[in-house]
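First residue of the sequence shown? That's 1 in the working numbering, and the numbers climb one at a time after it. Structure first, commentary second.
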Amino acid sequence: LFTLLATLLSYVTGARFPSKLRKAVHPLLSCAGITLALLSLHARLLSQSLTTQLQAYVSRSSCPAHLGGGDILLGLLSPSILAMAVQVYERRALLTQNLGKIMGTCLGASAFGLFSSAALSRAFALPPALGKATLSRCITTPLAMAVAGLVGADAGIAVLVVVLTGLLGANAGAARLASYGVSDPVSKGLAMGASAHGIGTASLAEEPEPVA
């Protein structure tokens, strides 16, 4: 319960930072930092190590009594995909109007994301395990975990790569699109979603259409 509340409190705190600070430090980063600080303090109060706290955070236990905050949050990833599907269905008229843009972006981004990741992994001579974990960098976390299982990659590393990709897109994507003169809300949303998945798209939350 403590680890779950610590994570939620940390994210809410980061999300309520001034807008200028949020642009420099994404709520996910502030959430991770504050959560680690709270877990470290909790470990000291219990005379435990931080490693013990982290192991309890994601225990992957089959017993509900031994689940940590991370286990509960991971369990919510799959329902979040269904929630996204409901939102997409609600905006089916908008999708139909922009079907050409959507299909072109999805096909192009899928091919580029997959082959560019593999090419860069080979160019930098990354170990096979790490190279496979980068293949799913442009898709959302639950799907990246599934892809990691299919290609035999470490799910933890795959999620880390996904989060870093999303943070990079969220912090620099909007400014880059503006420099290219992209102002159409749907185009901006597609570009951010294709390159930086949900984290990048969420950074455009003030514009309702891209989030759709």
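Glycine is no exception: its CB is placed at the ideal position from the N, C-alpha and C atoms.
Neighbour-count burial assignment, residue i, 16 or more Cβ in a 10 Å radius
i: T263; result: Look at the range of the chain in this structure, 1 to 212, and you will see that residue 263 is not part of it.
i: P27; result: buried
i: K132; result: buried
i: Q53; result: buried
i: P210; result: Low local confidence applies: a pLDDT of 49 at P210 is under 50, so the model's placement there is unreliable, and no value is given.
i: C63; result: exposed
i: T51; result: exposed
i: V151; result: exposed
Residue i to residue j span [Cα, whole Å]
i: G113; j: C138; result: 6 Å
i: G141; j: S47; result: The displayed chain sequence assigns Thr, not Gly, to residue 141. If I take the Cα positions, the gap works out to 34 Å.
i: V182; j: L190; result: 11 Å
i: P185; j: G166; result: 19 Å
i: L38; j: C106; result: 40 Å
i: Q55; j: R176; result: 39 Å
i: L4; j: A65; result: 13 Å
i: S19; j: V25; result: 10 Å
heavy atom of the ligand FAD below 7 Å from residue i C-beta
i: Q48; result: In the structure on display, the ligand FAD does not appear, and there are no ligands present to speak of.
Endpoints, the alpha helix (DSSP H) within which residue i is located
i: N98; result: Run containing N98: none; DSSP gives neither H nor E here.
i: S216; result: Here the chain has residues from 1 to 212 only, and residue 216 is not among them.
i: S225; result: The structure shown has nothing for residue 225, since the chain only spans 1 to 212.
Within the stretch 2-60, ranges of the alpha helix (DSSP H) (whole runs, at least 4 residues): 2-15, 19-24, 27-45 and 50-57
Given 8 Å, three or more beta-carbon pairs between the stretch 165-175 and the stretch 143-151: no
Cβ contact check for the stretch 68-83 and the stretch 1-16: 3 or more pairs under 8 Å: yes
Segments assigned alpha helix (DSSP H), at least 4 residues, entirely inside the stretch 62-141: 69-75, 77-90, 92-97, 99-123 and 128-133
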